[in-house]
Every structure is written in structure tokens, then in C-alpha cells.
Amino acid sequence: MKRIVNKHPLAIRWFHWVNFPVLAMMIWSGLLIYWANDVYRVGWDDTTVLKFFPDSFYKAFNISGRLAEGMALHFVFMWFFAINGLLYVLYTLISGEWRYLWPERKSFKEAWLVVLHDLHLRKTAPPQIKYNAAQRIAYSAIIVMGFGSLVTGLSIYKPVQFGWLCTLCGGYEWARIEHFALTIGYTLFFVIHIVQVVLAGWKNFQAMVTGFEAEQLPELEREPSAETTNSQNS
Amino acid sequence: MENKPHELATDRQVRRRVIFSFIGFFIFISLVYLAFRWLYHTPDAAGVHAPLRKGYEVNEKIFGGTFNKNTLVKTYPLSAATTHVRVNGDVGMGDGFDPKSWKMHLVRGTGDTLLISIAEIKALPKTEIVFDFKCIEGWSQVTHWGGVKFTDFLAHFGLDTLAAYKYIGLQTPDKAYYVGIDMNSMLQPQTILCYEMNGKPLPYDQGAPLRLIIPVKYGIKQLKRIGTMFFSNTQPADYWAERGYDFYSGH
């Protein structure tokens, strides 16, 4: 006998996996667009620590000279990105899933303990329901970032009709910088996310596909329904 | 099921659920793969895959439909204008052109072309604008332009009835560069036929003697060295729209 612990509702898995290729396409087409005016860097005065992006990067991924293709893709897939994201937010609000996702007041303190635990600097992790404090912050931040991408993107796309939005972003050029910075943020999120998923192991990954985790029940525990079941770790 | 976080199942049931879930997952991955493969095998529609061209058109309907020509582009004080104005593209700007003998060919109808000299245009009231000129490549520059407001121009030459057409087409004298613009955007009050930059006559490489400045469009639409202007109810040929870009390309 196994105990099935339902973890991710079908809708959330759906939104998650739809977002994966859509966001990938948005980042890819965004790169094709960015190439045409690749002025951003990390540095000061004449010193450049990191150029976005080195020529070798463009070469490796064959990015050069594909602005039109990039725009054409970007302005179709933006709808999928926006609609999928809005449906996700609506679903979490209506279903009450947001309670597991939105950071609580204690989450900001606990997130440090989670990080210390993950770095093996602390033995115990704070107790959690479904998502730990660091996950709550990360998964909520990524939604806020998605919203930011829509706002800054719309400001660049229609800076006259949505002039007020553009002003809110600090003007046209700032909107472009913010739009770019958010994308860098997604890729950093992605890297950490992948590392964490790998570290969490197969069972955790499988739950994002199947929706549940199955736990082996000890032979003695025949009638677990009689017990009060506690929340599980992720 | 989702309200019931815990339930019991035999090993067999668990295995079945896992297998079915992963079959669904692989079907999903395959569909995503097939969708992208399909997209990249669709026929070309003026430089982009047909469904993406359709995307441009749908977006034009959505955003063009909400376009309000009374919404003004943000303007800046004169001091904000740059003196180093970028020159970006020279298609249609071939040598051997004499701005002095220039006349604009304004096609009112078949066999009815009005020739307009720069003196006639300069005699009209001048409108100046300092705005953030935006290139489709992603850069922008606050620049200062002067010329005649397009609506003033139409009124002066008694062309108001032509404003009923859906589009305007513009061509360079050598016809190498050409754009089509929706009438709504042309009639936006900040659109000017421009003969001055930074208070001086328009430089040769900026399209002397007359160019289009249309702040609600990207630079690709702001044709330099206007040769011919015509009116049409069908989309006029557009240089960059034929090369994969959005015909509308407006803000």
C-alpha cells in the first residue's frame, strides 16, 4: 500500500509546462531583437566587466541579423505568455492555491534559514506546507516579474498609446532596460530552479508531471485514516 | 481529488497513474515540438512565416483599432534635442540627386499629378516638434524637426477629400525606397512634411529637401527624400514590410 500525497493540481502543472516553451520562445526572440541594438553592459566608464552579449555568443547561437524574425515571433508569443500567466494568477486566486505560494510575513526570515540549510550550513529547515519560504518568495517574485515584463513590454511596443505606462516605467529607454533586466532575471531563476530540482531528486520532479508523490506505508500502519495526517515536506 | 490531499493506493495503481501522466507529458512535448516544426515549415509571407505575418495583422487590428490620433507623442524642450542625429540607412538615397530641381509628385488620381516645389511648401505655416525618434532596431533619440503639418498641407492644396483613402504611399525619386502608412496615423496632428532639422535646412543624408516625420511610427516609415505621394485603399508596397517587418510598425 502507498499513500498518495497530492501536490500539484493539474491546472498548475499545465500552466507551468505551457509557460516553459513559451517563455523560452520569448527569451529567444527577445535575443534576436536585442541584437539589433545591443548596448547594455555591466561596467563603469571605459571598463566593461560583462558585455551583453559578446560576439562569440551571437555566433554560437546564430543570432545576428534576425531582427524581423525576432519581432514577428515576439509579438505572437507574447499573447500566449500573457494569457497563460493571467490564467495562472486567476487560478491560484480562485482555487486558494495562492495561500501556499504567496510569502507570509515570516517567510522573509525563514527564507534565510532555508538558504543556509540548502547550503549545508544549517542542519534543520523550517517546517513547511507544500512550498518552503524561499520557494514562496521565488515563485511569487517570478509572477511579479512576469507582470513587469508585460508592463515594460507594452511600454516599448506602444509607447504613444500607452504613454502613461511608458512614463510609469521611467520613459522609453528605461522601459527597454527594465524589460531586458527582467529577462536576465528569468535566466538566473531558471538556472537556480534547475539546480534545485536536480538536488531535490526524481520524486519531486515526477510530482510536477504526475501531480502527486507516493509514499510507502509501513506494514503496521493499516488504517492511517484514523490518524491525523500532518503536512508533508516537498 | 484536489481537495483530498492524501489517499491510499496500491503499488499497481500508483504505477498506472505515473505511467499515464508521463504518456500525457510526452504527448505534450511532442505537440510542442510538432507545433514549432510546423511553424518553421509554413510558407514565406514577405520575409516571415505566414502565421507570423498573420500575427502582425491581428495585432494591427487589436492595437490599430484602439489607435487614437488625438493622443499626442510626448514632446521635449528644444534643449533636449541632440545635435548628433543618427543617419541609419541610405536606400533610395543614391547619388546624382539634385535637391534644387526637386518637385514632389503628388498623385491625385490616374493621370492627375500635382507638382509641388519646396518653396510652395515652405510658404505654409511651419510646425516644429522635438520628440523621441524611435528606430525599430531599439535605439531612440530626442530630435528636433520643422516642416508643414500634414493636415495643413492637405488643406492648403485642397486635398481633404483624399484623406478618405485608407493609406498613403510614399516613394523616393528613384523608387528604391517606399513606404505605406495608414491614413489615421498620417492625420495624427504631429505628422509633418519636414524640411528642417535643428532649425537648419534638412541635411542631404537626412532626406533633403523634404522627408516625412511621423512620430507615431518607427524610423523605417519616416521616408527620406520624398519623390512621390499617392493615395490608395489597398496597402501600398512597403520596403521593410516586404522584408519581414510589420507593415503597421506604429506606436
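Just so you know, the sequences run in chain order L and P.
Here my numbering is used: the first residue of the first sequence is 46, the next is one more, and so on.
Here my numbering is used: the first residue of the second sequence is 3, the next is one more, and so on.
The C-beta atom is built at its ideal place from N, Cα and C for all residues, glycine as well.
Fair warning: this is a prediction, and the values are worked out from it, not measured in the lab.
In the DSSP assignment, what residue or residues form a beta bridge with residue i?
i                 : result
LEU108 of chain P : P:LEU116 and P:MET231
LEU180 of chain P : Looking at the sequence itself, residue 180 of chain P is Tyr, so the reference to Leu does not match. According to DSSP, TYR180 of chain P bridges with P:GLN173.
ARG86 of chain L  : L:LYS96
PHE135 of chain P : P:GLN143
ALA83 of chain P  : BP columns for ALA83 of chain P are empty, so no partner.
LEU161 of chain L : Beta-bridge pairing links LEU161 of chain L to no other residue.
MET199 of chain P : P:TRP147 and P:LYS202
GLY252 of chain P : P:LYS219
GLU9 of chain P   : L:ILE49
GLN261 of chain L : L:LYS47
ASP47 of chain P  : Per the sequence presented here, residue 47 of chain P reads as Ala, with Asp not at that position. BP columns for ALA47 of chain P point to P:VAL50.
THR129 of chain P : P:GLY149
TYR231 of chain L : Bridge partners of TYR231 of chain L: none, in fact.
ARG213 of chain P : P:CYS196
ILE174 of chain L : L:TYR176
THR77 of chain P  : P:PHE133
Evaluate residue i with the Cβ neighbour count: other Cβ atoms within 10 Å of its Cβ, from every protein chain shown; 16 or more gives buried, anything less gives exposed.
i                 : result
ASP134 of chain P : buried
ASN177 of chain L : buried
THR163 of chain P : exposed
GLU4 of chain P   : Caution applies to GLU4 of chain P, whose pLDDT of 46 falls short of 50 and renders its modelled position unreliable; the value that the coordinates give is listed next. Result: exposed.
SER251 of chain P : buried
ALA155 of chain L : With the sequence shown as reference, residue 155 of chain L is identified as Glu, and Ala is not the correct amino acid for it. Result: buried.
ARG227 of chain P : buried
LEU112 of chain L : buried
THR169 of chain L : exposed
GLY130 of chain L : buried
ALA220 of chain L : buried
LYS136 of chain P : buried
GLU272 of chain L : Caution applies to GLU272 of chain L, whose pLDDT of 47 falls short of 50 and renders its modelled position unreliable; the value that the coordinates give is listed next. When all chains shown are included, GLU272 of chain L counts as exposed.
PRO263 of chain L : exposed
HIS51 of chain P  : buried
HIS253 of chain P : buried
LYS219 of chain P : buried
GLU223 of chain L : buried
HIS53 of chain L  : buried
ASP114 of chain P : exposed
ASN72 of chain P  : exposed
PHE153 of chain L : exposed
PRO217 of chain P : buried
GLY88 of chain L  : exposed
SER276 of chain L : Legend: pLDDT at SER276 of chain L = 48, less than 50; position of this residue unreliable, value from coordinates given subsequently. Exposed, since its Cβ has fewer than 16 Cβ neighbours within 10 Å.
THR274 of chain L : Summary for THR274 of chain L: the model assigns pLDDT 47, below 50, so the residue's position carries little reliability; its value from the coordinates is reported in the next sentence. So THR274 of chain L counts as exposed.
ALA259 of chain L : buried
GLN180 of chain L : buried
GLN206 of chain L : buried
ASP184 of chain P : buried
Could you check how far apart the C-beta atoms of residue i and residue j are, in whole angstroms? I think they sit under 8 Å.
i                 : j                 : result
VAL75 of chain P  : GLN224 of chain P : Between GLN224 of chain P and VAL75 of chain P the Cβ distance is about 13 Å, and since that is not below 8 Å, they are no contact.
THR145 of chain P : ILE194 of chain P : Actually they are not in contact, since the Cβ atoms of THR145 of chain P and ILE194 of chain P sit about 12 Å apart, beyond 8 Å.
HIS8 of chain P   : VAL50 of chain L  : 6 Å
LEU29 of chain L  : LEU54 of chain P  : Within the shown structure, residues of chain L are numbered from 46 to 279, placing residue 29 of chain L beyond reach of any answer.
PHE106 of chain L : ASP83 of chain L  : That belief does not hold up - the Cβ atoms of PHE106 of chain L and ASP83 of chain L are roughly 13 Å apart, past 8 Å.
THR197 of chain L : LEU227 of chain L : 7 Å
PRO238 of chain P : TYR169 of chain P : 5 Å
PHE225 of chain L : TYR85 of chain L  : 6 Å
SER109 of chain L : TRP80 of chain L  : 6 Å
LEU189 of chain P : MET106 of chain P : Not a contact, Cβ separation roughly 18 Å.
PHE159 of chain P : LEU116 of chain P : 7 Å
ILE222 of chain P : TYR247 of chain P : 7 Å
THR255 of chain L : VAL20 of chain P  : 5 Å
field: Segment contact flag, the region 172-179 of chain P with the region 87-106 of chain P, C-beta cutoff 8 Å, min 3 pairs
entry: yes
message: Measuring CB atoms only, is the region 228-236 of chain P touching the region 39-57 of chain P, in the sense that at least three cross pairs come out at less than 8 Å?
response: no
message: To be precise: take each residue of the region 59-70 of chain L, compare its Cβ to all Cβ atoms of chain P, and keep it if any distance is under 7 Å. Which residues remain?
response: TRP62 and PRO66
- request: Taking only beta carbons into account, state which residues of the region 152-172 of chain P come closer than 7 Å to chain L, listed in chain order.
  value: none
query: Listed from N- to C-terminal order along the chain, which residues in the region 19-39 of chain P have their beta-carbon within a distance smaller than 7 Å of any beta-carbon of chain L?
result: Cβ contacts with chain L come from ARG19, VAL20, SER23, PHE24, PHE27, PHE30 and VAL34.
- prompt: What are the residues of the region 75-100 of chain P that lie near chain L, defined by any Cβ-Cβ distance shorter than 9 Å?
  reply: Legend: CB atoms of the region 75-100 of chain P lying less than 9 Å from CB atoms of chain L belong to residues VAL75 and LYS76.
- prompt: Okay, do the region 224-241 of chain L and the region 178-194 of chain L touch, 3+ Cβ pairs below 8 Å being the bar?
  reply: yes
field: Within 7 Å of chain P by C-beta, residues of the region 191-212 of chain L in sequence order
entry: Cβ contacts with chain P come from LYS203, PRO204, VAL205, GLN206 and GLY208.
Members of the region 219-232 of chain L that neighbour chain P once the beta carbon cut-off is set at 9 Å: ARG221
- prompt: Touch check for the region 115-131 of chain L and the region 57-75 of chain L: three-plus C-beta pairs under 8 Å?
  reply: yes
query: Got a sec: which bits of the region 124-136 of chain L sit with their beta carbon under 9 Å from any beta carbon on chain P, in order along the chain?
result: TRP124
message: With three or more C-beta pairs closer than 8 Å as the rule, is the region 141-155 of chain P touching the region 79-89 of chain P?
response: Contact holds between the region 79-89 of chain P and the region 141-155 of chain P, because three or more Cβ pairs, one in each stretch, are under 8 Å apart.
query: Between the region 58-76 of chain P and chain L, which residues of the former have a C-beta closer than 9 Å to a C-beta of the latter?
result: TYR58, VAL60, ASN61, PHE65, THR68, PHE69, ASN70, THR73, LEU74, VAL75 and LYS76
- request: Using a Cβ-Cβ cut-off of less than 8 Å, list which residues of the region 126-141 of chain P approach chain L; keep chain order.
  value: ASP134, LYS136, CYS137, ILE138, GLU139, GLY140 and TRP141
- prompt: Can we say the region 195-205 of chain P touches the region 147-159 of chain P, given the rule of at least three CB pairs closer than 8 Å?
  reply: yes
message: Please identify, using Cβ separations under 9 Å, the residues of the region 239-251 of chain L that lie next to chain P, in order along the chain.
response: GLN251
task: Mind checking the region 82-108 of chain L against chain P and listing, in chain order, the residues whose C-beta falls within less than 9 Å of any C-beta there?
output: Within the region 82-108 of chain L, the qualifying residues are ASN82, ASP83 and VAL84.
field: Proximal residues, the region 169-181 of chain L versus chain P, C-beta separation under 7 Å
entry: none
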